[in-house]
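The next block holds one structure in the form of structure tokens; read it before the comments.
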Amino acid sequence: MNEPINISPIEQYVIDYVIKLRKEKQLKQEDIATILNVKRTFVTNVESAKNRAKYNLVHIAKLADHFGISPKDFLPKEVSL
Numbered sequence: 104m105n106e107p108i109n110i111s112p113i114e115q116y117v118i119d120y121v122i123k124l125r126k127e128k129q130l131k132q133e134d135i136a137t138i139l140n141v142k143r144t145f146v147t148n149v150e151s152a153k154n155r156a157k158y159n160l161v162h163i164a165k166l167a168d169h170f171g172i173s174p175k176d177f178l179p180k181e182v183s184l
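Following this note's numbering, the numbering of the sequence shown begins with 104 at its first residue and continues without gaps.
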């Protein structure tokens, strides 16, 4: 019943990058939620290994625009599936 959530390496990379960016900028999950126009619980679920929501391309575009970086910065240089 409590099976681990399967997540691809590229999805994990994006999640880890947003967490790193959030911490570097000293932001809270609520701040990321405001940027994305979602509820804080969504960001909590994305960052949780137990309930893995995922960022989509629109989320990445909004974050990139907000921080003045390229959406490509959210992706790894090489992809392994």
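Beta carbons are placed, not taken as given, at the ideal position from N, Cα and C, and that holds for glycine.
Measure the beta-carbon distance from residue i to residue j and round it to whole angstroms, keeping in mind my assumption that it falls under 8 Å.
i	j	result
phenylalanine 103	isoleucine 163	Only positions 104 to 184 of the chain appear in this structure, which leaves residue 103 out of reach.
arginine 143	glutamate 127	Not really, about 19 Å apart at Cβ, beyond 8 Å.
DSSP three-state call for residue i: helix, strand or coil?
i	result
valine 121	helix
glutamate 181	coil
arginine 155	coil
lysine 126	helix
For residue i and residue j, I'd like the C-alpha separation in whole angstroms.
i	j	result
proline 112	isoleucine 118	10 Å
arginine 125	asparagine 148	15 Å
tyrosine 120	asparagine 109	18 Å
glutamine 115	asparagine 140	21 Å
isoleucine 172	asparagine 159	17 Å
isoleucine 138	asparagine 154	21 Å
phenylalanine 170	lysine 157	19 Å
Buried or exposed for residue i, please, with buried defined as at least 16 other CB atoms from any protein chain shown within 10 angstroms of its CB.
i	result
leucine 130	exposed
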